[in-house]
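Residue numbers (numbering that gives the first Met the number 0), protein chains in the order written: chain Y, 0 to 325; chain F, 0 to 322.
Even for Gly, the Cβ is constructed at its ideal location relative to N, Cα and C.
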Amino acid sequence: MALSPELCKKMYKDMWRIRLFEEEAHRQTSLGSVVGALHMYCGEEAVAVGVCGNLRDDDYVLGTHRSHGHCIAKGAKPSEMMAELFGKSTGTCAGKGGSMHIADFSLNMLGANGIVGAGIGPATGAALASKMRGTDQVSVCFFGDGAAARGTFHEGIGFGALWKLPVIYVCENNQYQQWVPRSNVAVLDSVADMAGSYAIPGISIDGQDIVEVYEVVGQAVERARNGGGPTLVEAKTYRFHGHSLGDEEQYRSSDEVDSWKNDRDPITLFHTVMAHKAWLTEEEDAAIQDEAKTEITDAVKFAEESPYPTAVDVTTDVLAPEQEVA
Amino acid sequence: MKTLTFSGALCEALHEEMERDESVFVMGEDVITHGGPYKVTDGIAERFPERIFETPIAEAGIVGLGVGAAMAGMSPVVEIMYMDFVTCAMDEVVNQAAKMRYMTGGQASVPMVIRLPCGVGRLLAAQHSQIMESWFMHVPGLQVVVPSTPSDAKGLLKSAVRSPDPVLFFEYKRIYTSKGEVPDGEHIVPIGKADISREGEDATVVAIGPMVQKSLEAAVLLEDDGYDVEVVDVRSLSPLDTETICESVNRTGHAVVCGEDSSFAGAVSEIAAMIGENCFDSLKAPVTRIGSPHVPMPFSAELAKHVVPEVANVTEAVNRVMA
């Protein structure tokens, strides 16, 4: 699908929705309303939005511990996500998952995941299901560069390649594995180079450039839908905040962070592209940002006004309620 | 009704379930060649070639794919060639399959069966003989099933395949070739229901897996000592049929709990503690556990014979609680 002005505006808005959701979640944490770990996606918005811009509602997405962006890009409601962060019963997971486990099965968003690299096998399994049923659904698995060191990466991609499954492996290489620069713990600079071991295409792209993300992943999605098997896409990106809230960030300089924020902000870069093409007026830009702000403000209001789950909810959802088989 | 081996009964269950439901598929190491390592998947490749997958040696991948396929609406039956190897997929079992429904607030369903050939078979020592039922009993969201007869093997596997939640299906290798009567066609044994294998009035022996048959043999010998022994086959360790077990113990006043795994923090320990809590007023003697000593499985037959509990351990324990 070629990039149209309408699609660009939608994607631009989604990037703002993610950015503002994260900043508001950060603020709500400092207010004490949001508890638990918060892994912010700011700076990486072009990856989630550029990838999901190619997906249908029935395509599968599996995420990471840093998945608010993936969820919003796949269509999850910020109101229910915020309620989940608040631990409310109206949350996407009824308050049982929290930030690292947000899922929306109505959108085939099969879940963020608190274990590094743990989505790769399940994403490949969902792709196996699509292939067995003869649908042309694809699966996308997001993971970080740290996951490429795990056995699940090798085993999952090995299966995907072996059976030519419709899955796109999207590595968000934000260059740090929690506090450790990739160069300290990995021999290969590029995760995409590992694709050769599985005889699948491996492509490294600029994850700050949403147009490149959209176009390269679009080709991978088309290949997967048409039976051409998996692709490993490495999007080189950067997180503007620490690994999680409270990270002192002694492993990187403020100059480095500032240079990415000032020169490589994916929203600013996309704005420049759209302005250059005359696809976005100043009025439209202002309206998009206003709408996104209103949506996030409403999300907080929804979360605040929602009830907490109660003691009776503790023991539900362990197993399906009806265990009788027929 | 026909006579089948334990593995033949499992095979029949798989064939029937795959015929019934197109979402059921089989995945595992060597499951096509020679009909699988234990002949449990025999004939499936010929009959359902699109729904059986022989995999690389990659247990985390096998179970991980199973989780994803299950969440996407399929019903995978995965085989871990030796249950010892499930430790290579513990994240997929414990953090993924078990917790998905809960973590997603009830959105996810993981209808996956993980078949686990376990226990001593040939003498293969410490990395090919484990049982570890209690590891998985301890994880909420998992069901743990242990059939002891060909009939229950078929009925429980059919239930496991139809369950909307993950089932760890323990198959004791030493009883794969045991034979028994198995009902034809639709034969369902519900998960979570124990079976009274033999009725008796004096003592209750609660048994797991192959210890059921050994307890039945012990019960015959104990008749000579004047004891009328009831044998309860737990069949499901999680959920556990506390009602049937407690009803029996409250009636007899004596309880021996036996399994082949180490009794230290083992399945028998949970059952013994449960009996102690619920049946204290009826008990005329302390609850006794039988299990293996807390050692890795040794190789030499001369060593291994001291590890796996046998009939004599049951008769001795019953005599002790009755004394």
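* Asked: If we cut at 8 Å on Cβ distances, does Ala319(Y) have a partner in chain F?
  -> yes
* Tell me whether Gly133(Y) is buried or exposed, calling it buried when 16 or more other Cβ atoms sit within 10 Å of its Cβ. => exposed
* Expressed to the nearest angstrom, what Euclidean distance is found between the alpha-carbon atoms of Met99(F) and Ala125(Y)? -> 14 Å
* To do: Note down, in chain order, each residue of its chain lying with its Cβ closer than 8 Å to the Cβ of Leu282(F), except the 5 sequence neighbours on either side.
  => Val248, Gly252, His253, Ala254, Ile274, Gly275
* In the segment 149 to 215 of chain Y, which residue ranges form an unbroken alpha helix (DSSP H) of at least 4 residues, counting only runs that do not cross its ends? -> 150 to 161, 181 to 184
* To do: Using DSSP bridges, identify the partner residues of Ala206(F).
  => Asp232(F), Cys257(F)
* Any chain Y beta carbon closer than 8 Å to Arg100(F) -> yes
* Asked: Who are Leu61(Y)'s beta bridge partners in DSSP?
  -> BP columns for Leu61(Y) point to Cys140(Y).
* For Ala206(F), which of Glu259(F), Arg114(F), Asn318(F), Thr86(F) has the nearest alpha-carbon? -> Glu259(F)
* Asked: By the criterion of Cβ-Cβ separation under 8 Å, what are the contact partners of Pro55(F) in chain Y?
  -> Glu154, Gly157, Phe158, Leu161
* **Per DSSP, cross-strand counterpart(s) of Ile119(Y)** => The partner list for Ile119(Y) (beta bridge, DSSP) is empty, contrary to what the question assumes.
* Extent of the continuous alpha helix (DSSP H) to which Lys9(Y) belongs -> Counting along the chain, the alpha helix (DSSP H) containing Lys9(Y) begins and ends at 4 to 30.
* **Same chain, Cβ closer than 6 Å to Gly155(Y), five either side skipped, listed in chain order** => Ile119, Gly120, Thr123
* Measure the alpha-carbon distance for Gly145(Y) versus Ala82(Y) and round it to whole angstroms. => 29 Å
* Would you report the Cα separation of Glu323(Y) and Leu167(F), rounded to the nearest angstrom? -> Low confidence applies here, because Glu323(Y) scores a pLDDT of 44, under 50, leaving its location unreliable and the question unanswered by this model.
* Could you tell me the distance, in whole angstroms, from the CA atom of Leu318(Y) to the CA atom of Ile187(F)? => 20 Å
* Just curious, the beta strand (DSSP E) that Pro149(F) is in, first and last residue? -> Counting along the chain, Pro149(F) falls outside any beta strand (DSSP E), though it belongs to the alpha helix (DSSP H) covering 149 to 161.
* Asked: Under the rule that 16 or more other beta-carbon atoms within 10 Å means buried, what is His137(F), buried or exposed?
  -> exposed
* Asked: How would you write the range of the alpha helix (DSSP H) that Asp20(F) sits in, first residue to last?
  -> First-last for Asp20(F): undefined, no H or E at that position.
* To do: Give the DSSP-derived three-state secondary structure of Glu79(Y) in the structure shown.
  => helix
* To do: Please determine if the segment 121 to 134 of chain F and the segment 81 to 89 of chain F are in contact, where contact requires at least 3 C-beta pairs separated by less than 8 Å.
  => yes
* Do the segment 85 to 93 of chain Y and the segment 39 to 46 of chain F touch if we need at least three Cβ pairs shorter than 8 Å? -> no
* Endpoints, alpha helix (DSSP H) assigned at Ser247(F) -> Counting along the chain, the alpha helix (DSSP H) containing Ser247(F) begins and ends at 241 to 251.
* Asked: CA-CA distance, Ile287(Y) and Met111(F)?
  -> If I take the Cα positions, the gap works out to 44 Å.
* Collapsed DSSP secondary structure at Thr230(Y) in the structure displayed -> strand
* To do: Can you pull the chain Y residues whose beta carbon is under 7 Å from the beta carbon of Ser108(F), in chain order?
  => Those within 7 Å of Ser108(F) in chain Y are Ala319.
* Pairwise C-alpha distance: Thr241(F) and Val160(F) -> 24 Å
* Is the Cβ of Gly226(Y) closer than 8 Å to any Cβ of chain F? -> no
* Nearest chain F C-beta to Val324(Y) closer than 8 Å, yes or no? -> Confidence at Val324(Y) is low in this model, with a pLDDT of 42, below 50, so the placement of that residue is unreliable and no value is reported for it.
* Give a yes or no on whether the C-beta atoms belonging to Gly154(F) and Phe158(Y) are separated by under 8 Å. => A distance of 8 Å or more separates the beta carbons of Gly154(F) and Phe158(Y).
* Interface residues of chain Y around Asp201(F) at Cβ under 8 Å? -> What Asp201(F) touches in chain Y: nothing, since even the nearest Cβ is about 34 Å away.
* Asked: For Ala47(Y), which residues from the same chain have a beta carbon less than 6 Å from its beta carbon, with the 5 sequence-adjacent residues on both sides left out?
  -> Gly68, His69, Ala72
* Asked: By DSSP, does Ser133(F) sit in helix, in strand, or in coil?
  -> helix
* Pair within 8 Å by beta-carbon distance, Gln95(F) and Phe104(Y) -> no
* Asked: Between which two residues does the beta strand (DSSP E) containing Gly179(F) stretch?
  -> 178 to 181
* To do: Spell out whether any CB of chain Y is found under 8 Å from the CB atom of Pro163(F).
  => yes
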